[in-house]
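J.: If you read the protein sequences in the order shown, they are chains A and F.
To get this note's numbering, take the position in the first sequence, counting from 1, and add 337.
To get this note's numbering, take the position in the second sequence, counting from 1, and add 337.
We put the CB at the ideal spot given by N, CA and C, even for glycine.
2 protein chains.
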Amino acid sequence: MATPAASVANTFEPDGPLRADAALAALPGYALRRAANTMMAELSSRLVAVDLRIVHATVLLLVGERPDLTSSEIGRIIDVQRANMVPLLARLENDGLIRREPLDRKSQAIVLTAAGAERLAKVRAITEQFEADLMERIPAAHREHFVPALHALGG
Amino acid sequence: MATPAASVANTFEPDGPLRADAALAALPGYALRRAANTMMAELSSRLVAVDLRIVHATVLLLVGERPDLTSSEIGRIIDVQRANMVPLLARLENDGLIRREPLDRKSQAIVLTAAGAERLAKVRAITEQFEADLMERIPAAHREHFVPALHALGG
DNA sequence: TATTATTGCTATGTGCGATAGCAATAAATT
DNA sequence: AATTTATTGCTATCGCACATAGCAATAATA
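Written out as structure tokens, the structure reads:
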């Protein structure tokens, strides 16, 4: 924020907000990181409306689709380790959004409660709008190439 | 890793590594986040060769281009707050890669030392290779659209 | 000259991710 | 069937990234 005051000014955006230096802006990897950060910040701020963080919303989306996922399985899907799933699910359980249902004597399924289903509906509305807005920010000429490119970079 | 063992199997990748659930994979925002994470992990692992983290490498790249940047200015460019620039620059200074040079009685420029310049050369080699590899992973048809799309999403 | 802004810093809190270890149980091997 | 191996859900803990609040010195502005 505020005026750059950089002695050696950015040649490309003479007076605009100091985004990335020219040297950095040229790097696709840097652009990728910044775009992801920007968009995730945007999504985060939209999710305050449902008092959820991105990870929590992701878990709701997931268990809303598959009613018999275990904590470990969810962790593998979203790249969160078993140990770190504990506080994450505890939070959702505390908020009354999920419930645990024994599958056998070792594993338990994570399932939505009624409140969880309601919250999920709002999450879906928010994420759908978010995704739509995201795609619309991309110039039409590039739009259809974006997701395929991302998928090629993996996950 | 290991076999999914998901009771409700992933319909699209019957036996492959469990990446993202179908519901998640459809979301551009999710794909963006995952691609960024994957690529940053890749870059990080390449940077162990120069014993630097991504942020540190970024700072070197930056001060290598502009010899009179202050801590505050660097922070604004790379989105790191003043307070958090302190340990970051302390690390680089400790490693003998940067040096502080007074601009006036309040501000100081962050400049490369000889060792810093040498390290930067290696960083450049690594990042150039990384960026090239990244772009090559993207199918040719989508390649040229990628960076413009990212820039549209902002930084 | 008086006020306001900026710089570089300390101190501190919070949340995330990673690692190691553990008891119970399930799955695989022999 | 018995034994070994793997998996599950968890605790405890460490380090890192990031944010906030505050501070004294100094520079910039009104």
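Exposed or buried, arginine 442 of chain A, counting other C-beta atoms within 10 Å across all chains shown (16 or more means buried)?
T.: So arginine 442 of chain A counts as exposed.
J.: Beta strand (DSSP E) containing valine 448 of chain F: first to last residue?
T.: Note, valine 448 of chain F: beta strand (DSSP E), 445-449.
J.: Report yes if the CB atom of alanine 394 of chain F is closer than 7 Å to the CB atom of valine 460 of chain F, and no otherwise.
T.: Closer than 7 Å, so yes.
J.: Check whether the Cβ of threonine 375 of chain F lies closer than 7 Å to any Cβ atom in chain A.
T.: Yes, threonine 375 of chain F lies at the interface with chain A (some Cβ there is under 7 Å from its Cβ).
J.: Note down, in chain order, every chain A residue with its Cβ under 8 Å from the Cβ of aspartate 441 of chain F.
T.: Correct list: empty, because the minimum Cβ distance to chain A is about 12 Å.
J.: Does alanine 469 of chain F get closer than 7 Å to chain A when you measure Cβ to Cβ?
T.: Chain A contact via Cβ: absent.
J.: Which chain A residues are close to methionine 314 of chain F, counting only those with a beta carbon under 9 Å from its beta carbon?
T.: This structure does not reach residue 314 of chain F, given that chain F is present from 338 up to 492, and the question cannot be answered.
J.: Taking 7 Å as the threshold (beta carbon to beta carbon), is proline 351 of chain F in contact with chain A?
T.: Summary for proline 351 of chain F: the model assigns pLDDT 36, below 50, so the residue's position carries little reliability, and this model does not support an answer.
J.: Measure the beta-carbon distance from leucine 493 of chain F to leucine 399 of chain A and round it to whole angstroms, keeping in mind my assumption that it falls under 8 Å.
T.: There is no way to answer for residue 493 of chain F, as the model of chain F reaches only from 338 to 492.
J.: Anyone know if the C-beta pair for leucine 490 of chain F and methionine 376 of chain A falls short of 7 Å?
T.: Cβ atoms of leucine 490 of chain F and methionine 376 of chain A: closer than 7 Å.
J.: Between which two residues does the beta strand (DSSP E) harbouring proline 439 of chain F extend?
T.: Note, proline 439 of chain F: beta strand (DSSP E), 435-439.
J.: Can you tell me the Cα-Cα spacing of leucine 487 of chain F and threonine 464 of chain F, whole angstroms?
T.: Going from the Cα of leucine 487 of chain F to the Cα of threonine 464 of chain F covers about 18 Å.
J.: What residues in the segment 360-375 of chain A have a beta carbon less than 7 Å from any beta carbon of chain F?
T.: Within the segment 360-375 of chain A, the residues whose Cβ lies closer than 7 Å to some Cβ of chain F are Ala360, Leu361, Leu364, Pro365, Gly366, Ala368, Leu369, Arg370, Arg371, Ala372, Ala373 and Thr375, listed in chain order.
J.: Figure out for me which residue from A/Asp405, A/Glu379 and A/Gln466 has the closest Cα to the Cα of serine 444 of chain A.
T.: Nearest C-alpha to serine 444 of chain A: A/Asp405.
J.: Since alanine 469 of chain F contacts leucine 369 of chain A with CB under 8 Å, what's their CB separation in whole angstroms?
T.: In fact, because the Cβ distance is near 14 Å, the residues do not count as touching under 8 Å.
J.: Return the Cβ separation of glycine 453 of chain F and isoleucine 435 of chain F in integer angstroms, given the expectation that the two are a contact with Cβ distance under 8 Å.
T.: The Cβ separation is near 5 Å, so the contact holds.
J.: Residues of the segment 460-489 of chain F in Cβ contact with chain A at a cutoff of 8 Å, in chain order, please.
T.: Listed by position, the residues of the segment 460-489 of chain F near chain A (Cβ gap below 8 Å) are Thr464, Phe467, Glu468, Leu471, Met472, Arg474, Ile475, Pro476, Ala478, His479, Arg480, His482, Phe483, Val484, Pro485, Ala486, Leu487, His488 and Ala489.
J.: Does any CB atom of chain F fall closer than 7 Å to the CB of glycine 493 of chain A?
T.: Residue 493 of chain A lies beyond the stretch modelled for chain A, which goes from 338 to 492, so this question has no answer here.
J.: When you compare only the Cα positions, how much space is there between alanine 420 of chain F and glycine 412 of chain F?
T.: Each residue's Cα considered, the two are about 9 Å apart.
J.: Take alanine 363 of chain A as the anchor and find which of F/Glu402, F/Asn374, F/Val385 and F/Asp358 has the nearest alpha-carbon.
T.: The shortest Cα separation from alanine 363 of chain A among F/Glu402, F/Asn374, F/Val385 and F/Asp358 belongs to F/Glu402.
J.: What separation, rounded to the nearest whole angstrom, lies between the Cα atoms of alanine 446 of chain A and glutamate 455 of chain F?
T.: Cα to Cα, alanine 446 of chain A sits roughly 54 Å from glutamate 455 of chain F.
J.: Against chain A, does asparagine 402 of chain F count as a neighbour if the rule is that its beta carbon must be under 7 Å from one of theirs?
T.: As written in the sequence, residue 402 of chain F is glutamate, which differs from the asparagine given in the question. Output row for glutamate 402 of chain F: interface = yes.
J.: Answer yes or no: do isoleucine 414 of chain F and aspartate 358 of chain A have a C-beta to C-beta separation smaller than 7 Å?
T.: For isoleucine 414 of chain F and aspartate 358 of chain A, yes; Cβs fall inside 7 Å.
J.: If I'm right that leucine 389 of chain A touches phenylalanine 467 of chain A with Cβ under 8 Å, what's the distance once you round it to whole angstroms?
T.: So it is not a contact: roughly 13 Å between Cβ atoms.
J.: At a CB-CB cut-off below 8 Å, which residues of chain F make contact with threonine 395 of chain A?
T.: Near threonine 395 of chain A (Cβ distances below 8 Å), the residues of chain F are Leu361 and Tyr367.
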